[in-house]
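J.: Residue numbers (this note's numbering): 35 to 222.
Think of the CB as a built atom: it goes at the ideal place given N, C-alpha and C, for glycine as much as any other residue.
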Amino acid sequence: MATAQQKLKIKESFDLIQGNQSIKVSEGLKELEKFAEESVLEILVGIAADTDNEDTKKQILAFLSQVVDPASRDLFIRYIKEEEFNMLRQALLTVVWNSRLDYSDYLADFVEIAVEGNFMEALECLTILENLEGPFEEHHLLEAQLHLREYAQSDRAHEEDRKTNIISEIAMFIQEQNDGIDADLMLD
Numbered sequence: 035m036a037t038a039q040q041k042l043k044i045k046e047s048f049d050l051i052q053g054n055q056s057i058k059v060s061e062g063l064k065e066l067e068k069f070a071e072e073s074v075l076e077i078l079v080g081i082a083a084d085t086d087n088e089d090t091k092k093q094i095l096a097f098l099s100q101v102v103d104p105a106s107r108d109l110f111i112r113y114i115k116e117e118e119f120n121m122l123r124q125a126l127l128t129v130v131w132n133s134r135l136d137y138s139d140y141l142a143d144f145v146e147i148a149v150e151g152n153f154m155e156a157l158e159c160l161t162i163l164e165n166l167e168g169p170f171e172e173h174h175l176l177e178a179q180l181h182l183r184e185y186a187q188s189d190r191a192h193e194e195d196r197k198t199n200i201i202s203e204i205a206m207f208i209q210e211q212n213d214g215i216d217a218d219l220m221l222d
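(1) How long is the line joining the alpha carbons of N120 and V149, rounded to whole angstroms?
(2) Is DSSP giving D218 helix, strand or coil here?
(3) Give a yes or no on contact between the segment 88–102 and the segment 129–142, applying the rule of three or more CB pairs nearer than 8 angstroms.
(4) Mapping DSSP to helix, strand and coil, what is F224?
(5) Candidates Q187, D213, Q179 and E194: which alpha carbon is nearest I204's?
(6) What is the rounded straight-line gap between the Cα of E46 and the Cα of Q40?
(7) Quick check: the Cα distance between S188 and S202, rounded to an integer number of angstroms?
(8) Among G53, D213, Q209 and G151, which has the Cα closest to the Cα of T198?
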């Protein structure tokens with residue numbers, strides 16, 4: 035829980051960021067490094083979504099990709115999936131991709147985002163998946179396979195060849211991971 039003095043510092047930092055002056059945004063973000071808690075991250079995502087200033091947005095997204103609190107993973111996944119933040123989805127996927135956090139538990143979420151999203155979002159998801167540390171739990175792989183099966187059976191699978199190629203690569207990745215689990219089971 036932040037003290038009154040900390041809350042004042044956080045508010046002052048947000049005021050600097052919302053001023054959209056590059057140096058002031060940097061100062062505000064530097065100050066917020068001490069307070070990278072969920073409420074602060076939520077406000078930053080909101081500012082990034084609302085600002086028309088590309089430099090401010092870029093600095094906020096770079097800041098978010100440096101967050102090392104594992105609890106922030108749920109927050110980022112939630113925002114990536116929310117309709118309200120569609121315009122920021124690809125940028126938030128880039129935040130995840132650049133993050134030092136392990137998102138292996140979110141394998142099925144990335145597959146779902148890829149099949150629901152556009153070509154660029156699917157491409158970002160493929161990149162994230164290929165860089166996940168693993169190992170992956172069987173139930174995550176099964177859920178991912180369900181998303182892929184639903185996509186293959188839908189009309190969307192025939193809409194855009196480029197995206198379908200990315201989804202095919204994701205399916206191959208999931209199959210390779212699943213084969214690895216099956217091989218491990220045979221050794222036991």
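T.: Per the coordinate set shown:
(1) Taking the straight line from one Cα to the other gives about 14 angstroms.
(2) Per-residue confidence for D218 stands at a pLDDT of 47, beneath the threshold of 50, marking its modelled position as unreliable; the derived number appears in the next sentence. D218 falls in the helix class under three-state DSSP.
(3) Per the Cβ contact rule, the segment 88–102 is in contact with the segment 129–142 (3 or more Cβ pairs under 8 angstroms).
(4) A query on residue 224 cannot be resolved here, the shown segment of the chain reaching from 35 to 222 and no further.
(5) Comparing Cα positions, the closest option is Q179.
(6) Computed Cα separation, rounded: 10 angstroms.
(7) Cα to Cα, S188 sits roughly 14 angstroms from S202.
(8) Out of G53, D213, Q209 and G151, the CA that lies nearest to the CA of T198 is found in G151.
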